[in-house]
Every structure is written in structure tokens, then in C-alpha cells.
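Reading through the C-alpha cells given below for one structure.
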Amino acid sequence: MWAAIRYRRAQALVLVLLSALVATCAVFAPLYERALEQSLLRSAINEAPVADTALVVRGGRSEADPELSPQSLQGAVPSGLLRIYGQPIAEMTDQIDISPRAGLKPSPGRMVARPDICDHLTLTVGTCPKLAGEVLVSAKDMAAWKWRVGQQFETGIPGLAANQNQFPSKQPTTQTLTVVGAYEVKPDSAYWLRTQLDGKSGIPITVGLEQVPGIDDFVTPVDTFDKRWVQATSRLTYPLRRDLISVGNLDEMADILAARPSGQQANIESQLPETITAVKGGQKQLRVIVPLLMAQLGLLAAAILILVAQAAVEQRRPESALARLRGRSREGAGRLVMGELGLTVALGLPLGVGLAVLLSEIVRRTLLTDGVPFEFPWLAVVGLAAAALVCLLAIVVAVRPLQRQSISALLRRVAPQRRGGLGVVDMLAVALAAFGLIGLATRTLQGPLALLTPTLIALAGGLLASRVAVPVARAVGRTQLGRGKVGPALTAYGLERRPALRKVVTVVSIAVALAVFAANALVVANRNWEARAQLQVGAPLVLDSDSTNPAVLTRTVQTYDPDGARATPVAVIRQTAPDSTSTIAVVGSQFGQVAYEPGGQELRLGSLRLPEVKTVNLQGTTLTGRISWKLSGNKGSGNGPAQVPGLPPGSSPGTPPAAGAGAAPTRVRIAVTTPKGERLTRDLATVPDSGTGSATIDAKLLCPDGCRFDGLLFTPDQFTTMTVGTITISGLALDGQPLGITSPTSWNPFVPTASGTKDSLELTSPQAGTMKFDLQSSGVTVGLSYADVPAVLPGLLAGRIPAGGTAESFPVSGLSGAPIQVRAAQRPGALPVVADRGVMVDLATLERLGGTLSSSGKLSVWVKNPGDRDAVKNALAKGGIGVVDTHTYAAAKERLDTSGSGWGMRLAAFTGVMALLLAALVVVVMTVTGWRTVARDMAALHMAGVGLGTLRRALVREHVTVVVVGVVVGAVCGAVAAVVAMPLLPLFDDPATPVPALQIQPSVAAVVGATAASLVVLVAVAVLCAMAAGRRIALRRVREAL
Amino acid sequence: MSVDLAVPVKTGLGVRTRGLVHIYRAEGHDVAALSGVDLTVAPGEIVGLLGPSGAGKSTLLTLFGGLMRPSAGRVTVGEHELSTMTEGELDRFRAADVGLILQGAARNLLPYLTARQNVEFAQRSARKAGRSVPGAGEVLELVGLGDSVSAPLDSLPPGKLQLAALAVALASRPGLLLGDEPTSQLHHTSRDVVLDALHRVNEEWGTTIVVVTHDPEVAARLPRTVTIRDGRVGGEGRQGEEYAVVSADGSLPLPAAVVEDLPPGSLVRVHRVDDVWTIIPQGGGQE
């Protein structure tokens, strides 16, 4: 047997390599998958802040346990969990109220106790507190409030007054705290976790209706929290031992965390379940992508193995004949060949395992996160067994026809050919491919067959093409011969006569289909990742600022980039409810130059224009003018004041001027917006609801910091059922300066409060400086808003219309968090950053409404060129604005590239290249194994008078034709597979509906490019092989015994 | 060469055919390769099969070797009636009782084994069936290849390759040796070496030998020749004399030269005078 293997060592080497490749695919897939899962887990764990992966046990004191301390909580954690966590960090806290300076109201603060806390602080003055009641204060507070060591504060003890019954005698409800030093925090995220002692000094805090200055935390020993501190909270934070968590114990940890006890004495919290869920999402995608790609490659390698084995078996027909001649049975003669070939392919299996391990080590050490261990999962053993089975089965399948032949058939030099029709294997392949194709097209097919369908389609296509080639070649040969064209006729007859060449069509079809599918998958995946990354970030570079004043940020950015072509301010205001609609405010004229278009959809940024009407800023004290009226009113139950779109509800804090006449007054009010965004009204005058008259306007504006003019409101008496008439205001001025608001075009159209009413309010200006209002009210407030801000802002709405609204008017959050009305000028599928749950409005318009940024808002600068990062940061710093976070498209894309799906897709490149290499190998092998027969046949033709040049050109045409047919069939099958099978490939780890919507239509460029590359490579190999075989045509070959 | 007493002395197997017919299908129609062959080869005889191409010689050889089953008639080799044997019985028959040399020495040999290894390969089935076989060296010595037992086959000249092929066919000391053109494409010196080897085998082992040949010089060295013509026995040659053979149905194939003068359809009278039979064409004429 070894002598037989050595005799055909080149062929044996090919068989070994092919079986090694099958084994490599089968073993590498689980190795790669496991390594990736570990890498994804480590990336997720390592990138997460320590606080996010920590286990937090929290408990509060109660009657049942009045002296609860952090040590008491240790028993609450299941021991199974503690295995992967380190030593806990204990902490006790409670609220305090401290007057920072005499005469000031108490500021709410916090007192914190931790063991060894002073080791993590820099003491700028004093010593570490040791006794109960001693405290450290922050250096910033000490400097700001001019505190000193030894200073004492009195603080109330929260909840003590209500829980005096716990004590045998009445306890003092205050605690004296003595300052013994001042601290600065040493940064150490692993120790501090989420506890931030400082950063609050001087920041206003709203307490009730007032604002008080914030103070940093006081640091104290745990002894300070005696039994009187009945609401003291204890906390134990266990940092995760990141080196101990592994894919292997992930499920176990998830189960233990899910079953953790809560309530009663302690709550156990952990964000690890969310991390585990995200990692499992990635794992799930890997378990689809990796088998999808590797199974195809493995199937191709197995198909090639069968074809090469068939060629090898064909060469051993004489040996099998001799064995039968010398008395061996059919089975015995078959076993002879199976033994030789089986041993050969078996030699490839350990080589394949070695290659798989080597490949996975290369990936593990060079591409994946540090710390990924080498593992050989049990699936790899299963894969190896499956590969062995496939390889040996391939030999059995190849040898079986040999065993069925009679001795006389085996003794023939040319094997008997089955003429026409499809064999059983062909029909099976076509049936499976058709089944898979229909199943995928109707989205009803799942599982292994779905994964193999792309290759099955190519296999069926290749087999059919190779069958059709026979009669076509015969017909072409006859035609060419009839025309006297010997060369083309030889090509055609060669194609008809040589089954090995036709097998190349099948293999090339599968390989090219796989290459096309892989190339398309990569391009489509990358297209979607780009779109997702662009949508997630919004621009190539985004700098989140610490500014809460949109106007200041906008001015600073404009100073840096007056044209707005390089940088633009953006505000994002999110709401806490999960399905809520966020607001993204942009400068419409600049945004398109800097930001990405989401999912290639053009945004109608032109509809987000800043109104041309200039804002009227009211800086003054007294409003004056003249008001005259002619009204008729009917009394009844009345409807009372109501919300006017674009204008605030409610009453003014001022006292209305005396009524001109009548006992049922209609209030005339001016609506204003303060710089802080508060929307207020001020009474201008009160007029009777019926009658004629005039009066002087003399009203206090009461806007010490100035206001923006919002509009005018007319509110009838609550008992009036209908008021109709005109009210004329002329000469309206602020401190003698006319307001300049009389032009009707400077006002928004009237919007009734409810549909179906007859309320109306129309403005005309019969003469300069005069506004004449024709009003009709059914007892509700009617008003007009000034057109510097539309009553209903135009917006681009992605997602559902928010609850309570229609497409023409729906509520969303403004910059300060107060609701504003917006109409949908466009309904794009997604918007940058806010995805499919947001509305885009004009930032400058929102700025006119004033106010500081809501706590759920964020002001950012979007930058076109990431290289401008430092310049923009410097410009912001000059404006007193700091950068708190940075996001880049490149980083977002990198995260997607290294997600589970991303890593899985990288196999596509490997698969496509390997497929082409295999196809080239098959062309070479078929030439190497068959060249003697071809050379002998050609030599006989040469002896009969056909020129050597004609013969060699015919040979080249034969090889090239076979390859071209295979490439065309493969490209078509690959394109079909790209259409039906692409939905199988999960492109994102997140199982939620992808935003923007997936674009999985095939990439023409990828399909054409892969086809062209395949054609170039394989035709080159075919030509070289044909030329090498052609050089061996010599007359002496005629006498050779094969 | 001495006879190895450890190995039972075998005598050749006789061959007998009665009404042997073989039809095969070619290009869509049936072809009768043999049309009723009655032939007897005595055990230990050496017979050469002669005849034009397509006469059925190789087909007859193939049927003697049990490689095909006849379409009609019977063929018996020794005690074995081949037409009724199962496939397993035919495998055992080929393993130990018959050796076949294919045309072209290389077709009989595994190219990656030496001559000795080829003989041993051919003996495996017989050994497995429990038959005693001579040593490979002894077989090679017998055919005259004792000095090249371990040489690679591609280093042997054509004559020695043919001897190696002969040795492989004799590996299990069969009672019947069949050879298809065993001396074709050989130089006359090598041809004689091969013929001498055949005679030696027949003398020492008593093996019955049937060979197909086109070479008249080879035919002249064979004690008996049978001419196959149009699927039937057309004549025989013994000790240099040519004889026509009367068939079982009484027909008498005439020599080709006679058929030229008496084409098919000619009317003749058969006249006996004492022990001399005379054929007289219609209208007079000599025998």
C-alpha cells in the first residue's frame, strides 16, 4: 500500500491536502468561534467601566436591623457568585444639610464613610478623621466657603424624628460635625466606582422653589453613623474578577444572577446580566455566520475530494482488474483501492487539525483581545470525526462504481461511459438545491440546509452545465468539422470525451459561486456597518461639551467656523421613557455639510429654516400704548382660559390694570419668554367683553433680565360664552421705544385650541404702529404668536408620531425640556443619533425660546474632519467650554467590525480566497492526472497529420472554455445565492430591528469584481496547465503503455 | 529443474466446449463473436489459437478464463463447468486454477511493485482460499527471471517484462494458462525465450497452455493449433499438417484456398473411394 502511495506521490499529496482542508474547515470553525466568543466577552468586560461590571449589594437600616452596616450585607450574596468577584468595597452614606455660610439656607449634601478612604485622597490640610463626628471637606468647598479646620457644622439626622420610638429615650435629632481636614480626590475608578465625592461645589441645586449652592461630600469614619442615623445606607461593591469570567461559566453566572435574592434586607444589583446578554447576542450571530461560511468551504473541499478521488480511482482501474483477474472478489478489489486512498486521506486529517490549531493561534495572538485562552472545545472533536467520515465517505463513493464494473469492463482502456441523463447524485443535488432555493426565497427554511443552500445551488448549476456541455460540444464539434475547422472541432470533441474536464466545470462553478457570495457578503455587510456607524455617531467626529447654554456654544463654534462647513453645534434632548421621541436640534444650513446622511436618505434640511422674522427682545420696565375696543359678548357658563398653541397657559404674576369699563373683563396679555426659557404672561389691559371704549396701556414688564416677545393673548371672562369684535392696540412701546411688531406678516396664523370651534383672531394693520385684532371667542383664550418662532415648528420625524399628537402637530421636548409643538415636514426612516425615535428641528429656532439645557440634554459639536479635533477643542476652551466625551465614526465602525458579526464576516474573505485556490488546484490536478492520456491522444492525431500548433491551441481552448463556462455558471449561482441567502447572515449582534433598515441588495461591483478576479486567475492557471500539457505532445507517446 | 515435493503435483486442466456461443452488443446491434465452438483441449496440451482479427479468439480465451459467461453452450475447464458457476466460485477458480496473460506485458503488472512482489500479490487470493502455492522465487526461477526478482519493473527490458507477466499468471501454479499474444511486440530472441519458458512450464508442471497468436513462427512451435474463423473452429494444425475439422453438426469448414475455388453456394459431390474422400464440383473438375 505504501508503495502504491509513493508511486503516485503527487496525487497522494493532493488528496492529503484536500482531506487536510476538509479537516481544517471542520476543526477551525469551532476553534475560531470559541476564541471569538471569549474575545467578545473580554472586550465587553474590559471596555466596560469597573462600576458597570461590579456586583452591588445595597441595604438600608430598618426597625428589624437598626444597626445595619456594610459587613452585615456580606451574607446576602450567593457563594456561587462570589467566585468571580474580588474583595468588596464597603461604604455607608446618608444625607446631610449644611449651611455653607451663616445666613444661607442649608444645602443638601452627603456624608460618606469607607474603610481606607484616606489612602485614596490627597489631604491638602489637616488629618484623616478617626473619631465619630469628624469630617473631611473638599478643598474646593473649603476655599469657596472659607472653611477652616476645627469648624463645626450642625446637621439634621434624616428620619430620626419620625423613628424616636425605636429608642428608649428621646434622641437628639442633630449631629455636630467637626472639620479636621480637606481632601482632593485621587482618581482611581477601580476604588471609587460610581461614588463621586466632589464636582458639586457651588453648582446650584433647586430645593423647593429656591436654588441653593451645592456642596461636595463630607468624608467621615463609619463610627459617625451610630444608631441614630436610621436612614443610613450601606453598600458593598464587589469588583468583577475579569480574569475569572469566561464563556464556559457565562451561562452559570447568568443563572445565578437571575436567581439572586432581592428585597428584604438587601438588594443585589449587577449590570453583568446586560453585558452577558449583549455578549450572547454576539455569540448567537457567530454561531450562524461561522458555520454558514465554513460549511460551504468544507462542502467545496469535500466535492473536490470526491472528484479527485474519482480521477484517482479511474487511474486504478487496471490495478483493480488485475486484482479481479487474480481471484479477488468485487469487494476485495474495491477494498484494495479504498485502503490505499483511505489511508492517504487519513494522513491529511492530523495535518488538518494542526493547520486549524495554527490558524486559530494566529488569530488568537494577533487579532483578538488579550487574554483569550487556547481552548479545544468538544465541537472541534466532533468536527474532526465528521471530517474523517466525509473524507472516507468520499473515497467509498468514488470507489463504488469501480466495484460494480465487470472484469472485462475494467480491462478496457477507456471506461464505459453512461450516455446522457442525470445520475442519482446529480438529481439529488438538483433536488436539494431547488428545495433550498424555494425555502430561502420564501423565508421558510432554517437550519443546516439553509446554510448549505448557496453551495448546493452552485453544485446543481455546475452539474447541469457539465451535463449540457456534452451534447453541445458534440454538436459544435460536428459543425466545426463540417466546416473544415480542425482546431475548434478538436476542442469540442475533447470537451465531449474527457469527463475530467467536465468535472472542472462543476468545481469551478462552486468555487466561483462561493467567492462571489463571500465578496458580496463582505461588501453588503460593510455597507450596512458604515450606515449604522454613521447613524450612531452622526459625523466623522463628535465632541460632547459641558456647556448648558446652546447660544454660547453656537457663538463659540461660529467664531471657529463662521461658514459652518467644518463644524456645527447640535443639541440632543432625550426623554427617559423607552419609547419616547428624542429631539435633535441642528443648524439646518450647516448640518448637511458636516453630518452623514442616514442610510443614504436625503434629509429636507431646507424645511428647518430659521424664520426670517427677527426676535423682539424686550429690555425695559414699562409697556405703554393705547387700546380701544368694540366688542359684544354673551354670558353663560363659559369655557375659561385654555392653552393657545405657541403660547403659554396660566396667569401672569402681575396685577392687571384697572378695567376701562364693564364688569366682565377680557384680559389682554403679552406673552414673553425669559432667558431661562420660562414662558410667562404679563397683563397689558383689561377690557369689557361688550361695548366700545379705549384706554391707556401702562403695564410693568417684570423681566429684569430681559424677555423675548412671544405674542398677545385675549382671555374672555370665564362666564362669557361668546365674544366678538375688534380690539385695536396702537403705539405699543417699551420705555418709549416702539416694539415694531405691527406688520401682520410678522405673526403666525391663528391656530384654534380645538377643532370645530368658531374661534378666530385676525390681525390687520390699518396704519403704521397700529394693530387691529378681529376676534371671535367662545369663551376661550385666543391669541397670536410672534413669527420669530413658528407656532408649530417644522421637523423631520423618524418613527411613530408621539402619543397625543398628529402628523400636523405633536409634542416633543425643547431644549429646556419644556414641550414644544412640531409638525412632520418629512418622515425619514432614521435620523442621526436618535435613530428611529426622534425629531430633528432647527437649533437656532429653539434657541429663541431660551432656557438652559435640560438635564437629559447634551450639546455637542459635530466636526467634518477628525484632524480638526484639537483645533476645535482649543476654540471651545477659549469660549470657556470643555469637552467631556469624544465619539468618532472610525471608533463606531471599529466596534462593529469587531462585533460577533464582524468577526464572523472576516471569514468570508478567507472563504472566498480559499475557494478560488481550490478551484485552481483542481485545474492543476486534473491536468496532472490526465496529461498522459491527452498527450497520447494528441500524439496519435499528430501522427495522422494534424499540426502541433493546431493541437496545442485546441488544448488551450479546451481548458479555457471549461473554466469560462464554470466561471459564468458560478457567477450566476453566486449572484442568486447572494439574493436569497444574504438575509441568513446576521449583520449585527443586536437582535432588535436594525436602524437604518438593512440594505441587503447585492452589490453589483462586488459580484462583477469577484467574477472578474476569478476569471483572470483561473483562466491564467488553465492556460498555463494547457501549455504544459501541450509541450508534452510527442510521437513517442503513441507507444506508451498507460 | 526439480519438482517441489512439498507442493502437490498438479496436472493440467482439460478444456471442453460444446456449442459455445457468445453474443455482445455493439453500436446498437448484436454481434455473434462465437457461433458454436466445439473444442477439446486435453490436459497438459499446448494449443495455439489462430485466425483473422475479429474471429473470436480473444473472446474464446476470455470465456476459458471465466471472465465472461457464454450466451449459449457450455465450457468446462477440468471439473468446472464455468457457465453454471457463481461469481464467488469463479473468483476462486481464477485465484488458483487458471492464469491469464493479457496482451501487453505492462497490463499484467502493478508498476510500483517488483516482480517478486507482483507474484506474491497474485498469490494472495489463492493463499486466502487455503490453496498451496509455490514460492515466488521458484516461479520466477522457472520462467527464467531468477536474476531480476527485486529489480524495479521500469528497469526491465521488454522480454523480461513479458517473463514477469508470465510468472504472475503462473503464481498460483494453475492447471490452465491462457495467453493473449504473449510474444507480441517482442524481438525474435525474446520471443523464443518466452516460448521456451512456456514449454518449460508445460513440461515441469504439466500446465495446459492455450495461447492466441498471429505469428506463424510462434504457431509453428506449438504442437497443435486451432484456427477460429467466423466464430467457429475452422481447422486444426498438428505436427505441421493442416486439417479441417468436422463440426458436431457434420459441417466441414474448408481451407481458405479451397473456398476461393468453391465459393459458398457451390454444389459439390462428395465421393469416397476406399479411405479417400473426394470432393467433385458440379460439372466435373478435380478434387
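Chains as they are written, first to last, in our numbering: chain A, 1 to 1042; chain B, 10001 to 10287. Backbone N, C-alpha and C fix where the C-beta goes; we use that ideal spot for every residue, glycine too. No experiment lies behind these values; they were computed from the predicted model shown.
| request: Determine the burial state of A/L362: buried for a count of at least 16 other Cβ atoms within 10 Å of its Cβ, exposed for fewer. | output: Residue numbering aside, residue 362 of chain A sits at position 362 when the first sequence is read from its first letter. Note on identity: in this sequence residue 362 of chain A is Ile, with Leu being the wrong assignment. Its Cβ having fewer than 16 others within 10 Å, A/I362 is exposed.
| query | Do B/G10078 and B/L10013 have their C-beta atoms closer together than 8 Å? | reply | Counting from one through the second sequence, the residue named residue 10078 of chain B turns up at place 78. Counting from one through the second sequence, the residue named residue 10013 of chain B turns up at place 13. Yes; because the gap between Cβ atoms is below 8 Å, this pair is in contact.
| Expressed to the nearest angstrom, what Euclidean distance is found between the alpha-carbon atoms of A/V570 and A/S855? | For this step, residue 570 of chain A is matched to residue 570 along the first sequence. For this step, residue 855 of chain A is matched to residue 855 along the first sequence. Rounded to whole angstroms, A/V570 to A/S855 spans 16 Å at the Cα level.
| In this structure, does DSSP put A/C707 in helix, strand or coil? | Residue 707 of chain A sits at position 707 when you count from the first residue of the first sequence. Reduced to three states, the DSSP call for A/C707 is strand.
| In angstroms, rounded to a whole number, what distance separates the CA positions of B/L10195 and B/Y10243? | Here residue 10195 of chain B corresponds to residue number 195 of the second sequence, with the count starting at 1. Here residue 10243 of chain B corresponds to residue number 243 of the second sequence, with the count starting at 1. One C-alpha to the other measures close to 24 Å.
| said: Rounded to whole angstroms, what is the Cα-Cα separation between A/M1027 and A/E958? | reply: Taking the first sequence and counting its residues from 1, one reaches residue 1027 of chain A at position 1027. Taking the first sequence and counting its residues from 1, one reaches residue 958 of chain A at position 958. Using only the alpha carbons, I get a separation of about 11 Å.
| request: Output, in sequence order along the chain, the residues in the stretch 10056-10071 of chain B whose CB is closer than 7 Å to any CB in chain A. | output: T10062, L10067, M10068
| Can you tell me where the beta strand (DSSP E) with B/Q10239 in it begins and where it stops? | Residue mapping note: residue 10239 of chain B aligns to position 239 of the second sequence, counting from 1. Unbroken run through B/Q10239: none, as it is neither H nor E.
| said: Between A/P828, A/G799, A/V524, which has its C-alpha nearest A/T581's C-alpha? | reply: Taking the first sequence and counting its residues from 1, one reaches residue 581 of chain A at position 581. Ranking the options by Cα distance to A/T581, first place goes to A/G799.
| request: List the residues that DSSP assigns as beta-bridge partners of A/E134. | output: Here residue 134 of chain A refers to the residue found at position 134 when the first sequence is read from its first residue. DSSP, once it has assigned bridges, lists A/T178 as partnering A/E134.
| task | Check whether the Cβ of A/G327 lies closer than 8 Å to any Cβ atom in chain B. | result | Locating residue 327 of chain A in the first sequence gives position 327, counting from the first residue. Judged by the 8 Å Cβ criterion, A/G327 is in contact with chain B.
| message | What would DSSP say about A/Q643, mapped onto helix, strand or coil? | response | Numbered from 1 along the first sequence, position 643 holds the residue referred to as residue 643 of chain A. In this prediction, A/Q643 scores a pLDDT of 49, lower than 50, which makes its location untrustworthy; no coordinate-derived value is stated.
| request: Measure the alpha-carbon distance for A/S899 versus A/D990 and round it to whole angstroms. | output: To locate residue 899 of chain A, count along the first sequence from 1; it is residue 899. To locate residue 990 of chain A, count along the first sequence from 1; it is residue 990. The straight-line gap from Cα to Cα measures roughly 10 Å.
| query | In chain B, what lies closer than 9 Å to A/R6 by C-beta? | reply | Here residue 6 of chain A is taken as the residue at index 6 of the first sequence, counted from 1. Going along chain B in sequence order, the residues near A/R6 (Cβ under 9 Å) are Y10112.
| field | Distance, A/T745 Cα to A/G769 Cα | value | To locate residue 769 of chain A, count along the first sequence from 1; it is residue 769. To locate residue 745 of chain A, count along the first sequence from 1; it is residue 745. Whole-angstrom Cα-Cα distance: 14 Å.
| request: Give a yes or no on whether the C-beta atoms belonging to A/A919 and A/V507 are separated by under 8 Å. | output: One-based indexing of the first sequence puts residue 919 of chain A at position 919. One-based indexing of the first sequence puts residue 507 of chain A at position 507. Yes, the pair counts as a contact, with Cβ atoms nearer than the cut-off.
| Since A/K1044 is in the alpha helix (DSSP H), which residue starts that stretch and which ends it? | This structure cannot settle anything about residue 1044 of chain A, because the visible part of chain A is limited to 1 through 1042.
| said: For A/G332, report the span of its alpha helix (DSSP H) as first-last. | reply: Against the first sequence, residue 332 of chain A aligns to sequence position 332. Its alpha helix (DSSP H) spans residues 330-366.
| query | What number of angstroms, rounded off, separates the C-alpha of A/A642 from the C-alpha of A/T753? | reply | Here residue 642 of chain A is taken as the residue at index 642 of the first sequence, counted from 1. Here residue 753 of chain A is taken as the residue at index 753 of the first sequence, counted from 1. With a pLDDT of 46 at A/A642, under the threshold of 50, the predicted position of this residue should be treated as unreliable, though the coordinate-derived value follows. C-alpha separation (whole angstroms): 7 Å.
| task | Look at the alpha carbon of A/E762 and the alpha carbon of A/L713, and state the distance between them as a whole number of angstroms. | result | Looking up residue 762 of chain A in the first sequence gives position 762. Looking up residue 713 of chain A in the first sequence gives position 713. Rounded to whole angstroms, A/E762 to A/L713 spans 12 Å at the Cα level.
| Along chain B, in chain order, which residues have C-beta atoms closer than 9 Å to that of A/A1099? | The requested residue 1099 of chain A is not part of the displayed model; chain A covers only 1 to 1042.
| query | What are the uninterrupted segments assigned as alpha helix (DSSP H) that are 4 or more residues long and contained completely in the stretch 540-624 of chain A, given in chain order? | reply | 550-560, 588-594
| query | Taking Cβ positions, are A/A975 and A/V1017 nearer each other than 8 Å? | reply | The residue labelled residue 975 of chain A in the question sits at position 975 within the first sequence. The residue labelled residue 1017 of chain A in the question sits at position 1017 within the first sequence. In this structure, A/V1017 does not lie closer than 8 Å to A/A975 by Cβ.
| message | As a quick exercise: from B/D10038, B/L10140, B/R10269, B/T10208, pick the residue whose alpha carbon is nearest that of B/A10248. | response | Residue 10248 of chain B sits at position 248 when you count from the first residue of the second sequence. Closest by alpha carbon: B/D10038.
| Beta carbon of B/D10180 nearer than 8 Å to that of B/Q10103 | In the second sequence, counting from the first residue as 1, residue 10180 of chain B sits at position 180. In the second sequence, counting from the first residue as 1, residue 10103 of chain B sits at position 103. Against a cut-off of 8 Å, the Cβ pair of B/Q10103 and B/D10180 comes out as a contact.
| said: Does chain A have any CB closer than 8 Å to the CB of B/L10100? | reply: By 1-based counting over the second sequence, the position of residue 10100 of chain B is 100. By this cut-off, B/L10100 is an interface position.
| said: Using 8 Å for Cβ pairs, my map puts A/I955 next to A/M938. What's the rounded Cβ distance? | reply: Position 955 of the first sequence, counted from the first residue, corresponds to residue 955 of chain A. Position 938 of the first sequence, counted from the first residue, corresponds to residue 938 of chain A. Note that residue 955 of chain A is Leu in the sequence shown here, rather than Ile. Contact flag correct, Cβ pair sits at about 7 Å.
| said: I need the DSSP call for B/A10042, collapsed to helix, strand or coil. | reply: For the purposes of this step, residue 10042 of chain B is identified with residue 42 of the second sequence, where counting begins at 1. Coil at B/A10042, not helix or strand.
| request: Only counting runs of 4 or more residues, tell me where the alpha helix (DSSP H) segments fall wholly within the stretch 418-491 of chain A, in order along the chain. | output: 424-441, 448-482
| request: Determine, using beta carbons only, whether A/P401 comes closer than 8 Å to chain B. | output: As a first step, residue 401 of chain A is located in the first sequence; it is residue number 401 there, counting from the start. Cβ-Cβ to chain B under 8 Å: no for A/P401.
| task | Could you check if A/N748 is buried or exposed, using at least 16 other CB atoms within 10 Å of its CB as the buried criterion? | result | Start at 1 with the first residue of the first sequence, and residue 748 of chain A comes out as number 748. Classification of A/N748: buried, given that the 10 Å Cβ count is 16 or more.
| With a cut-off of 8 Å, do at least 3 Cβ pairs link the stretch 10129-10146 of chain B to the stretch 10165-10172 of chain B? | yes
| Mind checking whether A/E847 and A/T554 have CB atoms under 8 Å apart? | For the purposes of this step, residue 847 of chain A is taken as residue 847 along the first sequence, with counting starting at 1. For the purposes of this step, residue 554 of chain A is taken as residue 554 along the first sequence, with counting starting at 1. In contact: A/E847 and A/T554 (Cβ atoms closer than 8 Å).
| Contact set between B/S10125 and chain A, taken where Cβ atoms lie within less than 9 Å | As a working mapping, residue 10125 of chain B is identified with position 125 in the second sequence. The contacting residues are A323, R326, G327, R328, S329, G332.
| Option nearest A/S79 by Cα separation, candidates A/I276, A/L55, A/I96 | The residue given as residue 79 of chain A occupies position 79 in the first sequence. Ranking the options by Cα distance to A/S79, first place goes to A/L55.
| Are the C-beta of B/A10032 and some C-beta of chain A separated by less than 8 Å? | Start at 1 with the first residue of the second sequence, and residue 10032 of chain B comes out as number 32. Output row for B/A10032: interface = no.
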